[in-house]
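Beneath this line is the structure, given in structure tokens, with notes to follow.
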Amino acid sequence: MIRPATCDDLTAVRECAETAYASYIPRIGKKPAPMIADFAAQIADGLVHVYDMGGTPAGFIVFYPREDHLHIENVAVHPDRQGHGIGRALINFAEQHARNEGYRTMELYTNAKMTENLTYYPSLGYVEIGRWSEDGFDRVFFRKKI
Numbered sequence: 001m002i003r004p005a006t007c008d009d010l011t012a013v014r015e016c017a018e019t020a021y022a023s024y025i026p027r028i029g030k031k032p033a034p035m036i037a038d039f040a041a042q043i044a045d046g047l048v049h050v051y052d053m054g055g056t057p058a059g060f061i062v063f064y065p066r067e068d069h070l071h072i073e074n075v076a077v078h079p080d081r082q083g084h085g086i087g088r089a090l091i092n093f094a095e096q097h098a099r100n101e102g103y104r105t106m107e108l109y110t111n112a113k114m115t116e117n118l119t120y121y122p123s124l125g126y127v128e129i130g131r132w133s134e135d136g137f138d139r140v141f142f143r144k145k146i
């Protein structure tokens, strides 16, 4: 079940981000942006949704409106739960939310050194629209018409 995150989920969301992104630290040379995000504020603002497995968040997604599209800021799945379609379910959820709100375009980005994502997002229909540095990270930006 995917549901809005509550303040009770804060520790689990932080732990999920820490464990899901830890392997990227050596590649990037510092903590990836999702590891230092202000999840308390994002949860308070209603931007975080969790994939709940029996009361325990197995993953989460952060998304919000931006100009003419819905932007996915972060999607993470706990390493123990990866490979079971949870990330895809979270992205599908965000895309359906966008449709329900009248958006026809999704955008997201990934760190250029998270090379797995450079083939994963295109497999979901996302098209690369550019690469540039933002907030001290080299990012690859994607867009999808929904």
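Those letters in the sequence shown? Residues 1 to 146, per my numbering, in order.
Where a beta carbon is used, it is the ideal one built from N, C-alpha and C, also for glycine.
All figures in this text were calculated on a predicted structure; none of them were measured in a lab.
Per DSSP, the unbroken alpha helix (DSSP H) holding residue 123 starts and ends at 115 to 123. When DSSP assignments are scanned along the region 4 to 65, the uninterrupted stretches of beta strand (DSSP E) that are 3 or more residues long and fall wholly within it turn out to be 48 to 53. When the alpha-carbon of residue 55 is set against those of 5, 145, 47 and 144, the nearest one is in 5. When only Cα atoms are considered, residue 96 and residue 30 end up about 33 angstroms apart.
In the same chain as residue 7, and ignoring 5 residues on each side of it, the C-beta atoms closer than 7 angstroms to its own belong to 43, in chain order. Under the three-pair Cβ rule at 8 angstroms, the region 101 to 119 counts as touching the region 14 to 30. Annotation for residue 86: 51, 58, 59 and 77 place their beta carbon closer than 7 angstroms to its own, counting only its chain and skipping 5 residues before and after. Looking only at 22, 16 and 103, the smallest Cα-Cα distance to residue 66 is reached by 103. Within the same chain, 142, 143 and 144 come within 8 angstroms of residue 127 by CB-CB distance, once the 5 residues on both sides are set aside. With a cutoff of 8 angstroms on beta-carbon distance, residue 72 and residue 118 are scored as not near each other. Separation of residue 17 and residue 34 (C-alpha to C-alpha, rounded to the nearest whole angstrom) is 6 angstroms.
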